[in-house]
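Student: Quick one: the structure is below, questions incoming.
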Amino acid sequence: MKYLVFFVLLWASLPALAACYVDFSTGEKQGMEARQTADGQFSVSAEDGAVCARSGEDPNTRMIYLDVTEPLPPGKRAFVIVEAYDKKGPVFLQYDGLKDAYTMSPDVHGQNGTGKLVTMAFILRDPAWSNRENGGHDLRINGINGAIAVKRVEVTLERPEDYIDPVEELDNMEPNVLQPGMTAIQQWQVHYPLKPEDLSDLTFERAKKLGITSMQSYVGLRQLEPEEGRLDFSCYDGLFAQLEKHGMKWLPFLIMAPEVSVPDWWNEKYGVFAKCLEHGEEAPVQSIWNPALREGVKHFLTVFREHYKPGVIEALNFGISGCWGESIQVVGGGFGIMERHQHPGYWCGDKYAKDSLRQFLKEKYGDVKALNKAWKSSFRSFEEAEPPVLEGKKYSDRAVVDFHRWYYV
Numbered sequence: 335m336k337y338l339v340f341f342v343l344l345w346a347s348l349p350a351l352a353a354c355y356v357d358f359s360t361g362e363k364q365g366m367e368a369r370q371t372a373d374g375q376f377s378v379s380a381e382d383g384a385v386c387a388r389s390g391e392d393p394n395t396r397m398i399y400l401d402v403t404e405p406l407p408p409g410k411r412a413f414v415i416v417e418a419y420d421k422k423g424p425v426f427l428q429y430d431g432l433k434d435a436y437t438m439s440p441d442v443h444g445q446n447g448t449g450k451l452v453t454m455a456f457i458l459r460d461p462a463w464s465n466r467e468n469g470g471h472d473l474r475i476n477g478i479n480g481a482i483a484v485k486r487v488e489v490t491l492e493r494p495e496d497y498i499d500p501v502e503e504l505d506n507m508e509p510n511v512l513q514p515g516m517t518a519i520q521q522w523q524v525h526y527p528l529k530p531e532d533l534s535d536l537t538f539e540r541a542k543k544l545g546i547t548s549m550q551s552y553v554g555l556r557q558l559e560p561e562e563g564r565l566d567f568s569c570y571d572g573l574f575a576q577l578e579k580h581g582m583k584w585l586p587f588l589i590m591a592p593e594v595s596v597p598d599w600w601n602e603k604y605g606v607f608a609k610c611l612e613h614g615e616e617a618p619v620q621s622i623w624n625p626a627l628r629e630g631v632k633h634f635l636t637v638f639r640e641h642y643k644p645g646v647i648e649a650l651n652f653g654i655s656g657c658w659g660e661s662i663q664v665v666g667g668g669f670g671i672m673e674r675h676q677h678p679g680y681w682c683g684d685k686y687a688k689d690s691l692r693q694f695l696k697e698k699y700g701d702v703k704a705l706n707k708a709w710k711s712s713f714r715s716f717e718e719a720e721p722p723v724l725e726g727k728k729y730s731d732r733a734v735v736d737f738h739r740w741y742y743v
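As structure tokens, then:
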């Protein structure tokens with residue numbers, strides 16, 4: 335006990351720091367550092383004549399990390415004030431909290447692309463200041479869905495005069511009532527178990543007060559059957575029970591393609607990763623031509639159906655596969671494949687995809703002579719036929735039309 339008393343007295347004797355800040359426009363700083371890290375790349379340069387820290391173009395690295403180097407009381411509410419030039423896309427802030435190194439501030443600020451200097455305030459309810467974020471940082475400004483151009487960042491223990499706490503505002507507001515026949519679905523869970531605080535009664539009461547009727551979860555076989563023959567529904571049972579308790583609905587987003595949704599054991603036995611034509615490299619997403627994928631999907635759906643009864647389920651959302659644009663796919667970014675080979679293009683370089691193309695051509699042309707005439711090629715058999723977009727291959731326009739008709743239709 336004497337050591338605790340000594341610590342409290344020592345803390346009380348420390349001089350009060352009015353604010354920690356980094357000013358990118360002047361280079362001045364006090365009690366704060368901003369350093370680049372793997373997923374946080376920025377450059378300090380002029381933006382319309384004003385110097386600021388600009389995030390990189392890559393959406394996977396579009397964050398600015400900051401480290402508070404002065405001692406601040408852990409667990410005591412704090413605020414982050416960001417001055418930035420208005421770009422596009424929402425701006426989030428995550429901080430090293432007592433329970434989670436990437437605690438999300440409830441404040442989200444939209445950007446409208448005006449280029450004007452704007453001020454954004456974020457509340458930190460329980461900061462730990464223990465440097466647990468990537469690169470040993472305490473917080474990160476997140477513009478992952480759009481660029482950010484930050485002039486100055488300040489951390490203060492004083493509540494800004496014009497700050498409106500979104501949680502206080504929610505608790506004081508009148509319940510939102512939807513029009514008859516409408517539903518409001520919140521994307522709630524992405525592949526991972528929810529935290530205990532996310533499953534509190536208060537969370538669902540607040541959600542209903544906003545007018546939310548349903549919660550969406552990303553669900554994969556990896557979450558339901560992590561080991562072959564061993565089923566585990568703990569990732570979703572808590573949410574399911576709370577939704578049922580509070581008279582709400584569930585919208586499962588059922589996915590069986592990217593690595594984050596497919597168990598390792600299934601990949602080892604049956605997996606065929608998508609391979610691009612441009613470089614001949616794979617990405618950890620199942621090829622839609624994998625002959626075992628259809629049965630794998632059937633098994634996944636059966637496991638899900640036999641455990642989760644339809645009473646609480648509003649509808650089923652079936653995840654897409656292939657080169658479409660969703661961030662969980664091979665065209666770029668997010669959900670377990672951020673560091674892997676990915677780009678827009680043609681993802682049909684695996685054996686089974688090429689076999690499918692050759693069968694398509696055989697059914698259309700009948701014999702290889704007719705194919706060669708149409709494509710202006712010189713294949714000796716259909717087994718030699720290759721997609722016409724490969725580098726160095728020169729085929730006719732008809733070849734390109736045939737290829738795209740097979741690939742997309």
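Using my numbering, you'd call the opening residue of the sequence shown number 335 and step up by one each time.
All C-beta atoms in this analysis are idealised placements derived from N, C-alpha and C, irrespective of residue type, glycine included.
Since the model is a prediction, treat every value here as computed from it, not as a measurement.
Out of Leu555, Leu528, Trp599 and Val553, point me to the one whose CA is closest to Gly572's CA.
Tutor: It is Leu528 whose Cα lies nearest to the Cα of Gly572.
Student: Taking three-plus beta-carbon pairs below 8 Å as touching, is the segment 404-423 in contact with the segment 466-486?
Tutor: Yes, the segment 404-423 is in contact with the segment 466-486.
Student: Throw me the rounded Cβ distance for the Cys569 and Gln550 pair, which I believe falls under 8 Å.
Tutor: Their Cβ separation, rounded to whole angstroms, is 14 Å, which puts Cys569 and Gln550 out of contact at 8 Å.
Student: Of the residues Phe737, His641, Val631 and Ile647, which one's Cα is nearest the Cα of Gly683?
Tutor: Per the Cα distances, Phe737.
Student: State the beta-bridge partners of Pro509 as determined by DSSP.
Tutor: Answer is none; Pro509 lacks a bridge partner.
Student: For Arg486, which residues of its own chain have a beta-carbon under 6 Å away from its beta-carbon, when the five flanking residues on both sides are left out?
Tutor: Taken in chain order, the residues that qualify are Asp357 and Glu417.
Student: What does the Cβ neighbour count give for Ala412, buried or exposed, with the cut at 16 atoms within 10 Å?
Tutor: The residue in question, Ala412, is buried, as its Cβ has 16 or more Cβ neighbours within 10 Å.
Student: State the start and end residues of the unbroken alpha helix (DSSP H) segment that holds Ala368.
Tutor: Premise fails: Ala368 lies in the beta strand (DSSP E), Met366 to Ala368, not in any alpha helix (DSSP H).
Student: Looking at the secondary structure, which residues open and close the beta strand (DSSP E) in which Leu400 lies?
Tutor: Element bounds for Leu400: Met397 to Val402.
Student: What residue does the alpha helix (DSSP H) around Trp584 start on, and which one ends it?
Tutor: Where Trp584 is concerned, there is no enclosing alpha helix (DSSP H), although the beta strand (DSSP E) it sits in stretches over Lys583 to Ile589.
Student: In angstroms, rounded to a whole number, what distance separates the CA positions of Trp600 and Asp373?
Tutor: Rounded to whole angstroms, Trp600 to Asp373 spans 30 Å at the Cα level.
Student: Does the beta-carbon of Lys688, which I'm using as the reference point, lie nearer than 6 Å to any heavy atom of the ligand ATP?
Tutor: Inclusion of the ligand ATP in the displayed structure is not the case, the ligand content being empty and no account of it being possible.
Student: Alpha carbons only, please: which of Met590, Trp522, Phe652 and Gly515 is nearest the one belonging to Tyr604?
Tutor: Closest option to Tyr604, Cα to Cα, is Met590.
Student: Nearest to Glu539 by alpha carbon, out of Ser439, Arg564, Gln513 and Lys579?
Tutor: Minimum Cα distance to Glu539 is reached at Lys579.
Student: Tell me whether Val524 is buried or exposed, calling it buried when 16 or more other Cβ atoms sit within 10 Å of its Cβ.
Tutor: The residue in question, Val524, is exposed, as its Cβ has fewer than 16 Cβ neighbours within 10 Å.
Student: Closest by CA to Lys583, which one among Met507, Asp505, Tyr686 and Glu648?
Tutor: Ranking Met507, Asp505, Tyr686 and Glu648 by Cα distance to Lys583 puts Glu648 first.
Student: Return the chain-ordered ranges of every beta strand (DSSP E) run that is complete within the segment 438-503 and spans a minimum of 3 residues.
Tutor: Counting whole runs of 3 or more residues, the segment 438-503 contains the beta strand (DSSP E) stretches 451-458, 473-476 and 483-490.
Student: What does the alpha-carbon distance come out to for the pair His675 and Asp499?
Tutor: Roughly 41 Å between the two C-alpha positions.
Student: Cβ atoms of Asn624 and Val606: under 7 Å apart, would you say?
Tutor: Yes; because the gap between Cβ atoms is below 7 Å, this pair is in contact.
Student: Go ahead and pull the three-state DSSP assignment for Val290.
Tutor: Nothing can be reported for residue 290: it is not among the residues displayed for the chain, which extend from 335 to 743.
Student: Could you tell me which of Ser377, Val402, Lys410 and Leu491 sits nearest to Gly395, measuring between CA atoms?
Tutor: Per the sequence presented here, residue 395 reads as Thr, with Gly not at that position. The option with the nearest alpha carbon to Thr395 is Ser377.
Student: The beta strand (DSSP E) spanning Trp780 covers which residue range?
Tutor: The question about residue 780 has no answer, for the chain in this structure spans 335 to 743.
Student: Which value, in whole angstroms, describes the spacing of the CA atoms of Glu753 and Thr453?
Tutor: Outside the shown range of the chain (335 to 743) lies residue 753, about which nothing can therefore be said.
Student: Check whether the Cβ atoms of Ala575 and Val664 sit closer than 7 Å, and answer yes or no.
Tutor: Not in contact: Ala575 and Val664 (Cβ atoms no closer than 7 Å).
Student: Rounded to whole angstroms, what is the Cα-Cα separation between Pro393 and Pro721?
Tutor: In a straight line, the C-alpha of Pro393 is about 31 Å away from that of Pro721.
Student: Which first and last residues belong to the beta strand (DSSP E) in which Tyr552 is found?
Tutor: First-last of the beta strand (DSSP E) with Tyr552: Ser548 to Gly554.
Student: Report back the beta-carbon spacing between Ser379 and Arg369 to the nearest angstrom; my notes put them in contact at under 8 Å.
Tutor: Not a contact, Cβ separation roughly 17 Å.
Student: Identify whether Ala384 lies in helix, strand or coil by the three-state DSSP scheme.
Tutor: The answer is strand: DSSP assigns Ala384 an E or B state.
Student: Does the beta-carbon distance from Val402 to Met366 come in below 7 Å?
Tutor: It is a contact, given that the beta carbons lie within the stated cut-off.
Student: Using the three-state DSSP reduction, which class does Leu565 fall into: helix, strand or coil?
Tutor: Three-state result, Leu565: coil.
Student: Do Arg466 and Asp430 have their C-beta atoms closer together than 7 Å?
Tutor: Yes, Cβ-Cβ distance for Arg466 and Asp430 is below 7 Å.
Student: Using a Cβ-Cβ cutoff of less than 8 Å, which residues in the same chain neighbour Trp658 once the five nearest sequence positions on both sides are dropped?
Tutor: In this prediction, Trp658 scores a pLDDT of 47, lower than 50, which makes its location untrustworthy; no coordinate-derived value is stated.
Student: State the Cα-Cα distance for the pair Arg739 and Leu635, rounded to the nearest angstrom.
Tutor: Whole-angstrom Cα-Cα distance: 30 Å.
Student: Quick check on DSSP: helix, strand or coil for Glu559?
Tutor: In the structure shown, Glu559 sits in coil (DSSP, three-state: anything other than H, G, I, E or B).
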